[in-house]
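Peer 1: Can you keep this structure in mind? I'll have questions shortly.
In our numbering, the protein residues as written are 36 to 636.
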């Protein structure tokens, strides 16, 4: 059905002078503090400090919509607007994190509680991978009004500071006109879901929105990366990789000339143009099917070594590309954190994946490497939660032996490592530790296909594990913790599909797969625990400024070097007390580690 309404608004006030700004703010500040204000921004791009603010739009009940072309007003005359935005009011925004960052970057911080129409729409449609949550889609779904977004493109990269056209003013006004009505409609639908399904989505939305200012502050502040350490590591890997490839080339028959590797999967890296006979002749393998030949090739130590180092090189190249995205104005990397998407249901966890790269570096050098830099005289602390995923798994599965081990202070990871050693699995002590940790990382146990675990070890840890190893570990787990097998078999039953995460109380989308449910139970709850911990630190004096980076399962804090040890001890005690109070049914452990090898920025 075609849209019946076009977005039009006649009561719009366009402001592009200091005098007009002063008058507009005077009228806005006369409205009661309890009335919500809808706020939006238009910018030349998405990079704070590098791209700049062009327009600020504000809509308040009982007043015209104000379209403030702030770029045409000297910054020395922005004080009235700064004071108004600093008032503690209820703010309604679309994709609030972006506006919070861009306003703060221009020294116009927005104060007060937040309602985000984008975030609430994602919670309303949790699990629907095809639904769009841009403002135009949301407005049309709930209000049947079509927004013309063509004018938005004209703002990007526009450095002219020319007065807005009539069309641009209309577009800017429409971006805030419907926000208040929109958030009320979406919230009402969420409340109905809560009422009929017994969930707590509205409460979850409020908690997520309360976390937005911290995420915006982290992204805006950014961090420095130890590029020297990355470059040195990359050079070492390249040299060793070249040496290994020379060895491989020497193994080949002249008719193959050179081995062309496809590193997508450990068992499928020989081009199909090579016939089975050629492969068999070149590597002197026993006759068999092509699949058997490929599996045989994986077992060759030279190729396994080449794969491991090629993975390291790939990840380091990715990190170098990330570093290339350093903001040219600040000289720092400004990460992006995920918001509620699809079945993940999480907001934290930076898309700049520092932790896996550190793990890979440790896998290669066998020593810790911190890629984040700190200021002179500072130390970096990483706060993590040992075996958190496994503790959550114990809570959801109610596996008796697993719960008993935690109650007695027994580490299931160490227990599995010992079982691997007793079973004479061909792994070094270091590899046993990494494999055991990976199984408790939400993979392997919750996914019956051991292939996914091998892929993950290969991509994230640089380790090559044969099918026999992963199968052996699965058999050991079935014997050590038989309840996990039952949990896996029953995961698709309704009692698990209706199961809440610890705080969220979210229900599953009807099209969600069993794998979605398994991952969400653990990862969704893990995210909530992380945010609870970060919120505890944030509420401490100078806590927000201390937090440097937020990962999927940990976060980093900067501390004066002479206070880092005491702060680490304080954090462990404080966070343990808070998490015990919030989650009394789960014995969550806290670990604050001091990185000794951080170079000053």
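Note that beta-carbon positions come from the ideal geometry of N, C-alpha and C, so glycine has one too.
Between which two residues does the alpha helix (DSSP H) holding residue 510 run?
Peer 2: Residues 502-515.
Peer 1: Assuming residue 450 and residue 515 are in contact, meaning their beta carbons sit under 8 Å apart, how far apart are those beta carbons, in whole angstroms?
Peer 2: Correct: roughly 7 Å between the Cβ atoms.
Peer 1: Report yes if the CB atom of residue 425 is closer than 8 Å to the CB atom of residue 561, and no otherwise.
Peer 2: No. Outside cutoff.
Peer 1: Note down, in chain order, each residue of its chain lying with its Cβ closer than 8 Å to the Cβ of residue 639, except the 5 sequence neighbours on either side.
Peer 2: Outside the modelled stretch of the chain, which goes from 36 to 636, sits residue 639, for which no answer is possible.
Peer 1: Since residue 623 is in the alpha helix (DSSP H), which residue starts that stretch and which ends it?
Peer 2: Per DSSP, residue 623 belongs to no alpha helix (DSSP H) and is neither H nor E.
Peer 1: Give the secondary structure of residue 445 by DSSP, where H, G and I count as helix, E and B as strand, and everything else as coil.
Peer 2: Note: residue 445 maps to coil in three-state DSSP.
Peer 1: What would DSSP say about residue 434, mapped onto helix, strand or coil?
Peer 2: Coil, per DSSP.
Peer 1: Can you check whether the CB of residue 56 is closer than 8 Å to the CB of residue 98?
Peer 2: Not a contact, by the Cβ cut-off of 8 Å.
Peer 1: Excluding five sequence neighbours on each side, which residues of the same chain lie with their C-beta closer than 6 Å to the C-beta of residue 59?
Peer 2: Hits under 6 Å: 50, 101.
Peer 1: Can you say whether residue 75 is buried or exposed, counting buried as having 16 or more other CB atoms within 10 angstroms of its CB?
Peer 2: Buried, since its Cβ has 16 or more Cβ neighbours within 10 Å.
Peer 1: Going by CA-CA distance only, name the one from 454, 257, 109 that's closest to residue 365.
Peer 2: Of the listed residues, the one whose Cα sits closest to residue 365 is 257.
Peer 1: Three or more beta-carbon pairs under 8 Å between the region 111-119 and the region 247-261, yes or no?
Peer 2: They do not touch, by the three-pair rule.
Peer 1: Straight-line CA distance for residue 432 to residue 423?
Peer 2: Answer to the nearest angstrom: the Cα atoms are 14 Å apart.
Peer 1: Name the one or two DSSP bridge partners that residue 595 has.
Peer 2: 413.
Peer 1: Determine whether the beta carbon atoms of residue 445 and residue 593 lie at a separation below 8 Å.
Peer 2: For residue 445 and residue 593, no; Cβs fall outside 8 Å.
Peer 1: Which complete beta strand (DSSP E) runs does the region 47-102 hold, if anything under 3 residues is left out?
Peer 2: The qualifying runs are 47-50, 72-78, 88-95.
Peer 1: Can you tell me the Cα-Cα spacing of residue 478 and residue 453, whole angstroms?
Peer 2: Low per-residue confidence applies at residue 478: pLDDT is 47, beneath 50, and the placement is therefore not dependable, though the value from the model is reported in the following sentence. Whole-angstrom Cα-Cα distance: 20 Å.
Peer 1: How many Å lie between residue 184 and residue 159 at the Cα?
Peer 2: So the two alpha carbons sit approximately 24 Å from each other.
Peer 1: For residue 370, count neighbouring Cβ atoms within 10 angstroms of its own Cβ and tell me buried if that reaches 16, exposed if not.
Peer 2: Looking at its Cβ environment, which holds 16 or more other Cβ atoms inside 10 Å, residue 370 is buried.
Peer 1: By the 10 Å Cβ neighbour count, where 16 or more other Cβ atoms means buried, how is residue 121 classified, buried or exposed?
Peer 2: It is exposed - the Cβ of residue 121 has fewer than 16 other Cβ atoms within 10 Å.
Peer 1: Where do the ends of the beta strand (DSSP E) carrying residue 582 lie?
Peer 2: Element bounds for residue 582: 582-585.
Peer 1: What is the C-beta distance between residue 273 and residue 348, in whole angstroms, given that I count them as a contact (C-beta under 8 Å)?
Peer 2: Yes, they are in contact, since the Cβ atoms of residue 273 and residue 348 sit about 7 Å apart, within 8 Å.
Peer 1: Roughly how many angstroms separate the alpha carbons of residue 505 and residue 462, rounded to a whole number?
Peer 2: Taking the straight line joining both Cα atoms gives about 11 Å.
Peer 1: Given a threshold of 16 other Cβ atoms within 10 Å of its Cβ, counted over all protein chains shown, does residue 68 qualify as buried or as exposed?
Peer 2: Residue 68 is exposed by the Cβ-count criterion.
Peer 1: Can you tell me which residues form a DSSP beta bridge with residue 639?
Peer 2: As displayed, the chain neither begins before 36 nor continues past 636, which places residue 639 out of reach and without an answer.
Peer 1: Roughly how many angstroms separate the alpha carbons of residue 564 and residue 220, rounded to a whole number?
Peer 2: Rounded to the nearest angstrom, the two C-alpha atoms are 30 Å apart.
Peer 1: Between 405, 581, 52, which has its C-alpha nearest residue 392's C-alpha?
Peer 2: The option with the nearest alpha carbon to residue 392 is 405.
Peer 1: Run through DSSP, which three-state label would residue 418 get?
Peer 2: Residue 418: strand per DSSP, three-state reduction.
Peer 1: Mark residue 277 as exposed unless 16 or more other C-beta atoms lie within 10 angstroms of its C-beta, in which case mark it buried.
Peer 2: By the 10 Å Cβ count, residue 277 comes out exposed.
Peer 1: For residue 259, which of helix, strand or coil comes out of DSSP?
Peer 2: If DSSP states are grouped into helix, strand and coil, residue 259 belongs with the strands.
Peer 1: Along the chain, where does the alpha helix (DSSP H) containing residue 563 start, and where does it finish?
Peer 2: Per DSSP, residue 563 belongs to the alpha helix (DSSP H) from 560-573.
Peer 1: How many Å lie between residue 147 and residue 54 at the Cα?
Peer 2: One C-alpha to the other measures close to 26 Å.
Peer 1: Mind checking which residues open and close the alpha helix (DSSP H) that includes residue 225?
Peer 2: Counting along the chain, the alpha helix (DSSP H) containing residue 225 begins and ends at 214-232.
Peer 1: Taking the straight line between their C-alpha atoms, what separation do you get for residue 65 and residue 95?
Peer 2: Their backbone Cα atoms lie some 11 Å apart in a straight line.
Peer 1: If we call anything under 8 Å between Cβ atoms a contact, is residue 389 one with residue 407?
Peer 2: Their beta carbons are under 8 Å apart, which means residue 389 touches residue 407 by this criterion.
Peer 1: Examine the Cβ distances between the region 139-154 and the region 206-221 and report whether three or more of them are shorter than 8 Å.
Peer 2: Cβ pair count under 8 Å is three or more, so yes.
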